[in-house]
Every structure is written in structure tokens, then in C-alpha cells.
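Trainee: Protein chains in written order, with the working numbering: chain H, 1 to 96; chain G, 101 to 196. In this text, a Cβ means the ideal position worked out from N, Cα and C, and glycines have one as well. Values in this document were obtained by computation on a predicted structure and should not be read as measured data.
Number of protein chains: 2
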Amino acid sequence: MNLVHYIGFFAGLLTSGAAVPQVMQTWRTKHARDLSMSQLVLLCLGMLLWLIYGLFLNDLPLIAANIFSICCYAALIAMKLRFDRKDAAACAQAME
Amino acid sequence: MNLVHYIGFFAGLLTSGAAVPQVMQTWRTKHARDLSMSQLVLLCLGMLLWLIYGLFLNDLPLIAANIFSICCYAALIAMKLRFDRKDAAACAQAME
Chain H
1 MNLVHYIGFF
11 AGLLTSGAAV
21 PQVMQTWRTK
31 HARDLSMSQL
41 VLLCLGMLLW
51 LIYGLFLNDL
61 PLIAANIFSI
71 CCYAALIAMK
81 LRFDRKDAAA
91 CAQAME
Chain G
101 MNLVHYIGFF
111 AGLLTSGAAV
121 PQVMQTWRTK
131 HARDLSMSQL
141 VLLCLGMLLW
151 LIYGLFLNDL
161 PLIAANIFSI
171 CCYAALIAMK
181 LRFDRKDAAA
191 CAQAME
């Protein structure tokens, strides 16, 4: 690998790994109201296309990085659905 | 462009464009507590490396997409710093 490949490798590592602290924070705080659902869904769809692109090119790093990211963003979507619903129920109860 | 290029093009469009609804929601709600600062900083650094990678390869779509994304995530970092500080000040005032 030359310098350019190393830069690409670390770039991919950072942008894929970036989802981890978000998943951890959302799981810890059980709060996801400030996360945009549109962003999460667009990221999932985009990464699904990157995964298909990687499968076409038979590019293992691209495939692995996108499977990992899709799992993280799918987890965030699931948490947002669950925690936002709990928030709304708590609000409704408080207003009764 | 063949099918594989189109898939890559739309993948890039979706993952770059995904930041837009997040920027709009954060600007509208003036609230960013649930966003992970580590995620935003890691994304900015990763995209800076992708930008350098794109400059080395002289790949215009990669360069343009990453400049756009860096602007979005830098805006989110600035908003988070500002809105979180305002939140903390409001909390401190409420507890006085």
C-alpha cells in the first residue's frame, strides 16, 4: 500500500467508526429526539447502495465497512423509534 | 456511465445529502443534545481525509461531495457548541 491507499484506508475507518460513539450515546441516554430520522434513513439507503457497489467491484473493505455502518444506523433507527415513542407517551401522561 | 457507476453516483449523493435534514432539524429546533460530538468530529476528520484522497486522485465528485459534507458537519459542530451551552445556562438559571 502506498500513502494514498493509507489515507483512503484511514478515511474509511474514521467515517465508518464515527457511528459507534453515536450508538453508544443514544443507548446510554435512551434519548434520540435531536437525531433526524430522514438523515438516518438516507444514510442507510446510501450505504446499501455503497454495499451493492462494493459487491459489483468485489471490493472487500467497501463491503465490510458498509455492512458495519448499516448495522449501526439500523440500530439508531430502531432506538429512535422506541425512545421517541416512550418520550411521547410520557408527555401524554404528564398532560392528563 | 454504466450501471455500476450510476449506483456509486447515487450512493454518494444519498450519503452526502443525508446531512442536510439533520442540519435543518438542528437549526429549526435549536437543540442538539442527543447528537454525539465525537461522531461529528470523527466524521469531519474522516471526510477531510477523503477530500485529501480525492485531491490525490484528482476525482472531482469525491472532492465536491466531501467539501459539501465537511461544511454540513462543521455547521452541526458549531450549532451543538452553541445550543448545548445555551441549554446548560438555562438549566443553571432554573436551579438558582
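(1) Residues of chain G with a CB under 7 angstroms from the CB of H:Met47: which are they?
(2) List in chain order: all unbroken beta strand (DSSP E) runs of 3+ residues lying wholly within the region 22 to 84 of chain H.
(3) Please report the straight-line C-alpha distance between G:Tyr153 and G:Thr129, rounded to a whole angstrom.
(4) Quick one: give me the first and last residue of the alpha helix (DSSP H) that H:Ala11 is part of.
(5) I'd like to know if G:Gln139 contacts chain H, where contact means its C-beta is closer than 8 angstroms to some C-beta of that chain.
(6) Cutting at 7 angstroms between CB atoms, please list the residues of its own chain near H:Asp84, excluding the five before and the five after it.
(7) How many angstroms separate the CA atom of H:Leu40 from the CA atom of G:Asp159?
Mentor: Reading off the structure:
(1) At a C-beta separation below 7 angstroms, H:Met47 has these neighbours in chain G: Thr115.
(2) If we require 3 residues or more, the region 22 to 84 of chain H turns out to have no beta strand (DSSP E) run fully inside it.
(3) When the Cα atoms are used, G:Tyr153 and G:Thr129 turn out to be separated by approximately 35 angstroms.
(4) First-last of the alpha helix (DSSP H) with H:Ala11: Leu3 to Gly17.
(5) So, interface residue.
(6) These residues qualify, in order along the chain: Ala32 and Arg33.
(7) CA-to-CA, the gap between H:Leu40 and G:Asp159 works out to about 27 angstroms.
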